[in-house]
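Step one of this worksheet: look at the structure below.
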Amino acid sequence: MDRGWPRDTMSELYSNNCSRFHIFAGNVQPYNFIIPPSWKQTRVANILSGNYCQPKCAEPWVEVKFENEKQGKIQVVASPLVRLTNKLTATIEEIGTPEKLIASLGPFVTGNTLDSDEIVETTVEKQGDQTYYKYELETPFALTGTHNLAKATAKGNTVILFVVSASDKQWQASQKTLKAILDSFEV
1 MDRGWPRDTM
11 SELYSNNCSR
21 FHIFAGNVQP
31 YNFIIPPSWK
41 QTRVANILSG
51 NYCQPKCAEP
61 WVEVKFENEK
71 QGKIQVVASP
81 LVRLTNKLTA
91 TIEEIGTPEK
101 LIASLGPFVT
111 GNTLDSDEIV
121 ETTVEKQGDQ
131 TYYKYELETP
141 FALTGTHNLA
151 KATAKGNTVI
161 LFVVSASDKQ
171 WQASQKTLKA
181 ILDSFEV
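Read in order, the letters of the sequence shown correspond to residues 1 to 187 in UniProt numbering.
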């Protein structure tokens, strides 16, 4: 994946392919994203990881988390389709509109609640035959940070939600980098 970034300033991460980090996604289709090497993987609490109920869990779980104290946080959230639709497999368009999806998964972006007036921008992006819903949120009461970016898609029996979060201070200093990280996510 070439996003025009110098290779020595970014690390490409894969969900189940060898790279600088080795992440196993289990029930989730392979995904990848690029982050600066200064970002560190953080522990996912067992209650958030879904380890207690996999593979038959109907609740979303956190796959992996990364953090940089000066720039923000990243998490990959996976949600079984059964939580969003009665189909075994579906495209993101078949699940519903971008507004319907964020209404269902918004609390997994913010860490608590999401009001529709906190949605700054919603876009639909096509990469090959994969469709992504992208969101920019201003969430003053979010546990994850006042600025949240999210990108979601469906593949197989799972919706994968990539979340980038930042405080006001982090957002001011790193907005361009955070948006580039979000744009690098693909399944």
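Virtual Cβ for every residue (Gly too), placed ideally from N, Cα, C.
- The alpha-carbon of residue 156 is positioned some 9 Å away from that of residue 81.
- With distances taken between CA atoms, residue 43 lies nearest to 75 out of 75, 95, 58.
- For the region 94 to 164, the full-length alpha helix (DSSP H) segments reaching 4 residues or more read 98 to 110 along the chain.
- The DSSP-derived three-state label of residue 44 is coil.
- Per DSSP, residue 61 lies in no alpha helix (DSSP H); the unbroken beta strand (DSSP E) holding it starts and ends at 61 to 68.
- Put simply, the region 162 to 181 does not touch the region 113 to 124. Fewer than three CB pairs are less than 8 Å apart.
- When DSSP states are grouped into helix, strand and coil, residue 75 belongs to the strand group.
- Here the alpha carbons of residue 106 and residue 100 stand approximately 10 Å from one another.
- Proximity to residue 84 across 58, 124, 125 peaks at 58, based on C-alpha coordinates.
- Per DSSP, residue 33 is one residue of the beta strand (DSSP E) stretching across 32 to 35.
- If you draw a straight line from the Cα of residue 145 to the Cα of residue 108, it comes to about 12 Å.
- By alpha-carbon distance to residue 182, the top candidate from 134, 65, 104 is 134.
- A residue is called buried when at least 16 other Cβ atoms come within 10 angstroms of its Cβ; residue 159 meets this threshold and is buried.
- In the three-state reduction of the DSSP assignment, residue 166 falls in the strand class, which pools E and B.
- Less than 7 Å divides the Cβ of residue 132 from the Cβ of residue 153.
- Between the alpha carbons of residue 92 and residue 164 lies a distance of about 20 Å.
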